[in-house]
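Each protein sequence line maps, in turn, to chains B, E and Z.
Residue 1375, in our numbering, is where the first sequence stops; the numbers in between run on with no holes.
Residue 530, in our numbering, is where the second sequence stops; the numbers in between run on with no holes.
Residue 148, in our numbering, is where the third sequence stops; the numbers in between run on with no holes.
Here the structure comes first, spelled out in structure tokens, and everything after it is commentary.
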Amino acid sequence: MSDLKSIVREKLRDGADAFLCLKNEEGTVLPALITDADSPDLELVEVGDSRYPLGKILIDLLREYPDKRFAVLVRGCDERALVELSKLEQVDLERLVLVGVACSAEEAAACGCLRPYPSDIALGEKVEAAPGREVIDEVESLSDAERMAWWREQFSRCIKCYGCRNICPMCFCKDCALEEPHLVEPGVIPPDFPSFHIIRALDMTGRCIDCGLCEEACPAGIPLRSLYRKMQDIMEDKLEYRAGESAEERSPLSFLGSEQDIEKLEE
Amino acid sequence: MTNSIAELEDAKVILIVGSNTTEQHPIIGERILAAARKGAKLIVIDPRAIHLSGFAEVFLRPRPGSEVAYLNGLINVIISEGLEDSEFIAARTEGFEELKQAVAEYTPQKVEEISGIPAEDLVAAARIYAGSERASIVYCMGITQHSTGTDNVLSLANLAMLTGNVGKPGTGVNPLRGQNNVQGACDVGGLPNVYTGYQRVDSEEVAKKFEAAWGVEGLSRQPGLTLTEMMDKAARGELKALFIMGENPMVSDPDLGHVREALDKLEFLAVADIMENETLELSHVVLPAASFAEKDGTITNTERRVQRIRKAVEPVGDSRPDWEIVCALARKMGASGFDFTSPEEVFEEIRKVTPSYAGITYKRLGTQGLQWPVPDEDHPGTPILHAESFPIGKGKFTPCEFREPAEMPDAEYPLLLTTGRLLFHYHTGTMTRRSPSLVREIDRAFVEVNPADAAELGIGDGEAVKVSSRRGSVEVNAKVTDKVGKGVIFMPFHFAEAAANVLTNSALDPVSKIPEFKVCSARIET
Amino acid sequence: MAENGSEMNYRLVPSTCVYCGTGCGVLLEVTGDRLSGTLPQKDHPVSKGALCIKGWSVHEFVYSERRLTKPMVRSGEVLVETDWEAALAAVADGLSAARDKHGPDSVGFFASARCTNEENYLLQKLARAVVGTNNVDHCARL
Chain B
1109 MSDLKSIVRE KLRDGADAFL CLKNEEGTVL PALITDADSP DLELVEVGDS
1159 RYPLGKILID LLREYPDKRF AVLVRGCDER ALVELSKLEQ VDLERLVLVG
1209 VACSAEEAAA CGCLRPYPSD IALGEKVEAA PGREVIDEVE SLSDAERMAW
1259 WREQFSRCIK CYGCRNICPM CFCKDCALEE PHLVEPGVIP PDFPSFHIIR
1309 ALDMTGRCID CGLCEEACPA GIPLRSLYRK MQDIMEDKLE YRAGESAEER
1359 SPLSFLGSEQ DIEKLEE
Chain E
5 MTNSIAELED AKVILIVGSN TTEQHPIIGE RILAAARKGA KLIVIDPRAI
55 HLSGFAEVFL RPRPGSEVAY LNGLINVIIS EGLEDSEFIA ARTEGFEELK
105 QAVAEYTPQK VEEISGIPAE DLVAAARIYA GSERASIVYC MGITQHSTGT
155 DNVLSLANLA MLTGNVGKPG TGVNPLRGQN NVQGACDVGG LPNVYTGYQR
205 VDSEEVAKKF EAAWGVEGLS RQPGLTLTEM MDKAARGELK ALFIMGENPM
255 VSDPDLGHVR EALDKLEFLA VADIMENETL ELSHVVLPAA SFAEKDGTIT
305 NTERRVQRIR KAVEPVGDSR PDWEIVCALA RKMGASGFDF TSPEEVFEEI
355 RKVTPSYAGI TYKRLGTQGL QWPVPDEDHP GTPILHAESF PIGKGKFTPC
405 EFREPAEMPD AEYPLLLTTG RLLFHYHTGT MTRRSPSLVR EIDRAFVEVN
455 PADAAELGIG DGEAVKVSSR RGSVEVNAKV TDKVGKGVIF MPFHFAEAAA
505 NVLTNSALDP VSKIPEFKVC SARIET
Chain Z
7 MAENGSEMNY RLVPSTCVYC GTGCGVLLEV TGDRLSGTLP QKDHPVSKGA
57 LCIKGWSVHE FVYSERRLTK PMVRSGEVLV ETDWEAALAA VADGLSAARD
107 KHGPDSVGFF ASARCTNEEN YLLQKLARAV VGTNNVDHCA RL
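Structural data, given as structure tokens:
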């Protein structure tokens, strides 16, 4: 996309110290940090169709370079991730300039999130999409016992790669409950059912922004996204909250308050 | 592999034998499960219950070492039920009558006596394998690491040819290579009997070709020694000096007591490695090597896909890439022909002398790689081997007779020990045991014991035990589990402090010279 | 955290996982001048954007305390750090001495299924063309 190149150049000129976007290197599209308007990488920038957890990369970049400001290319899901991460005090939106790209009709249909576009669209045309409900409908047609068996079968393929957690833009804890030996027995595959996957599903509640990267990264083809999506539907239904939608409203599940509040409590 | 990893999803039947795919090749294991979700039937043959056996249509659990017997048994059933592919046999193979005669005595009943596989399960597996249009065989070290390893592989080839499961998508006889570049190390001449591309050292024509290419004279026409033979010669004082690049024989080789004795006898031992390891203490010179993230190069995966690794960061400390080390050493020894300034230059030389790599360039490899043979720069690569014909013309059936392993359980050592890898670790643990995410999962050896044996021996789950063989003993904790059958125990070999290879037998397959890691006799004491 | 005003650097370098023979596509993450993580290569023909736990953590051993960082030569019971010049000279002497005294076939080389094609090629060339022996093998059988 030729516009992207000029946008990157413009943002770098207008005060961003670096632009986190995607580039096409030898046919493979991957994240790139462009720090210089004369960078040869500028010729390679491309939106592409491979998605990476840019929000997660930004958490690290903001920490590593605390005096820098970043522009970042965001799809709808990336924007939702950054909004929610800001409420969770993992990114500082003040230091970010979001450049929105709308997913194409084809991408939106294939991916199927609720909002395949960011709030401000600099590139592409906004299209609406209908989230896929096949898996949820299938599971909901089953009895409780059958549902348990259905999920047990799905999770029996899990080889504990932790890919769902590792790629997830919303997973940032230094100490992860999945690694607690008293919660999940280490060194065993498939991991304990249902504890491993229940822990993750609960952590995703009120937090998952439905990017679907977990399911893309799952070597076992487990329908993780449908599980987390169902959790978000319940959240919206019961507590009227959907992660990543509004920058002001905090998750009703963040009842523990901020990290600072917890530290105060501990004192 | 004769075929490609992605094709496994097109198979109607996948026979997994001697491969704990989920733990050794996790992404391929998941590809097999994806095939099962699309309707493929899985047949798993393994002495242990493995992750994949839980998804199998038929799971056969033979005693380790009975491979030829049960493979002949499958062939016997297929022929006696008329399930063979007569058209393929007539057009593409020879020696069918000899095979038919040889397997006649391997009836399901006889196979049950030898292997412990119930006769009706063997028949069921044979019918499933032979009854599909596209059946793929996936195997690994559970087939090869036996004193009958060559016969085991030939028997698998017999089975595939008998049913015409060769040269088509979703079929084939597919060994999974255990190390990231075992395929490539073989391809580029890291073997005692061949130069690159499997060109024989004892061929006058080949030797002359390499003499001309390298500008030298008098290349040896005498095939060299295999690794295990070198160890034996060293122990006898006949091999005097050894240069080891990126290996840790003090954990990976069978019968470690013998390895120590052999390395100790050398007049000179030099090691180039990335990590401190158990072999260094016997070395005279240690050269620090750069890791994969600190250098460029190519490696070749199990489906013959040549792929690039790229330098991401500078080497730690004073370490240097092995390619630089070998070049510097050769120049130090006064040699010419080692003035390369990059791995790409070396690759250009490889492709000049290697027909199967001739059409590969770094630029063409990009981020997707290419599957050899790639004879010229316009060739797209070869996902499936032997599509039209076998390299030797017709495929030859090679009848094999069952032989017992070199060492069998007896009164003194009544159990049968078999070894393998775990999902969370890799080979001698040099890398994985320095990786926090992996160590967190598991970081100690164990021995799996069947509950019946445990009860007989009075061993509780988690109890510390001593496992001994004729070659030594190690102390580990017992894991009481019905994953292993009665009379069989299993140990992972990653852990130097309780090294399974202290116990294993170095008896070799007479042709491939592979050691019999998968079977030896042992006993357990509390 | 980087020093104030220091050059920003974040790169993803396409590479191949170096554990088993599957050959999954990885992207090595570099922040500053250090490896900081691994991501799956989304469009890789074999791994298609997935990895196992070993692949996800393939960068972790690179900065292990146990990495060898200096050439060493034996002096009695201990290995003593030295420079490359001296270490390479010692290896050249050790191999040449055996070859000259006992013949080329008294020398052996272990190539490696853990090293690159280029490195294995060079090692067998060294064994065959320089030392004059075909005693070169690797751990394919182990």
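Quick reminder that beta carbons are idealized off the backbone N, C-alpha and C, glycines included.
Residue from the options with nearest C-alpha to residue i
| i | options | result |
| --- | --- | --- |
| residue 422(E) | 238(E), 146(E) and 239(E) | 146(E) |
| residue 1245(B) | 1340(B), 1117(B), 1146(B) and 1334(B) | 1334(B) |
| residue 173(E) | 190(E), 139(E), 498(E) and 202(E) | 139(E) |
| residue 141(E) | 119(E), 151(E) and 171(E) | 171(E) |
| residue 223(E) | 475(E), 196(E), 356(E) and 112(E) | 196(E) |
| residue 46(Z) | 1348(B), 1138(B), 1352(B) and 1152(B) | 1138(B) |
| residue 1329(B) | 35(E), 493(E), 426(E) and 459(E) | 35(E) |
| residue 1200(B) | 1184(B), 1218(B) and 1173(B) | 1173(B) |
| residue 41(Z) | 217(E), 487(E) and 296(E) | 296(E) |
| residue 429(E) | 30(E), 10(E), 22(E) and 11(E) | 30(E) |
| residue 451(E) | 415(E), 394(E), 491(E) and 412(E) | 491(E) |
| residue 81(Z) | 514(E), 433(E), 292(E) and 287(E) | 287(E) |
Residue burial classification, residue i (beta-carbon count within 10 angstroms, cutoff 16)
| i | result |
| --- | --- |
| residue 20(Z) | buried |
| residue 75(Z) | exposed |
| residue 3(E) | No statement about residue 3(E) is possible, as the shown extent of chain E runs from 5 to 530 and does not include it. |
| residue 347(E) | buried |
| residue 529(E) | exposed |
| residue 86(E) | exposed |
| residue 289(E) | buried |
| residue 1110(B) | Low per-residue confidence applies at residue 1110(B): pLDDT is 48, beneath 50, and the placement is therefore not dependable enough to give any value. |
| residue 113(E) | exposed |
| residue 345(E) | exposed |
| residue 19(E) | buried |
| residue 25(Z) | buried |
| residue 130(E) | buried |
| residue 1123(B) | exposed |
Cross-chain neighbours of residue i in chain B, by beta carbon under 8 Å
| i | result |
| --- | --- |
| residue 26(E) | 1267 and 1297 |
| residue 55(E) | 1267, 1297 and 1298 |
| residue 58(Z) | 1267, 1269 and 1327 |
| residue 38(Z) | 1172 |
| residue 46(Z) | 1271, 1275 and 1325 |
| residue 41(E) | 1329 |
Cutoff 8 Å: residue i Cβ touching any chain B Cβ
| i | result |
| --- | --- |
| residue 21(Z) | no |
| residue 55(Z) | yes |
| residue 371(E) | yes |
Residue i at chain E interface by Cβ criterion, 8 Å
| i | result |
| --- | --- |
| residue 41(Z) | yes |
| residue 142(Z) | yes |
| residue 1148(B) | no |
| residue 1287(B) | yes |
| residue 24(Z) | yes |
| residue 150(Z) | As displayed, chain Z neither begins before 7 nor continues past 148, which places residue 150(Z) out of reach and without an answer. |
Per-residue contacts from residue i into chain E (C-beta, under 7 Å)
| i | result |
| --- | --- |
| residue 82(Z) | Within 7 Å Cβ-Cβ: nothing; residue 82(Z) doesn't reach chain E, min ~11 Å. |
Short CB-CB distance (under 8 Å) between residue i and chain Z
| i | result |
| --- | --- |
| residue 1336(B) | no |
| residue 1176(B) | yes |
| residue 376(E) | no |
| residue 1257(B) | no |
| residue 506(E) | no |
| residue 322(E) | yes |
Interface partners of residue i on chain Z, CB under 8 Å
| i | result |
| --- | --- |
| residue 289(E) | 77, 78, 79, 80, 93, 96, 97 and 100 |
Chain D contact for residue i (CB, 8 Å cutoff)
| i | result |
| --- | --- |
| residue 1254(B) | Chain labels in this structure do not include chain D; the protein chains are B, E and Z. |
Proximal residues of chain B, C-beta to C-beta of residue i below 7 Å
| i | result |
| --- | --- |
| residue 129(Z) | In chain order: nothing, as chain B lies at least about 29 Å away. |
Taking only beta carbons into account, state which residues of the segment 147-174 of chain E come closer than 7 Å to chain Z, listed in chain order. none
Note down, in chain order, all residues in the segment 1211-1243 of chain B with a beta-carbon under 9 Å from any beta-carbon belonging to chain E. none
Any residues in the segment 12-39 of chain E with a beta carbon nearer than 9 Å to a beta carbon of chain B? Which ones, in chain order? Here the close residues are 26, 27, 30, 31, 33, 34, 35, 37 and 38.
Taking any Cβ of chain B, which residues in the segment 405-437 of chain E have a Cβ under 8 Å from it, in chain order? 426, 427 and 428
Closer than 9 Å between beta carbons: that is the criterion. Which residues of the segment 1120-1147 of chain B meet it against chain Z? 1125, 1126, 1128, 1133, 1134, 1135, 1136, 1137, 1138, 1139, 1140, 1141 and 1143
With 9 Å as the limit, tell me which residues of the segment 44-76 of chain E have their beta carbon closer than that to any beta carbon of chain B; keep them in chain order. 55, 58 and 59
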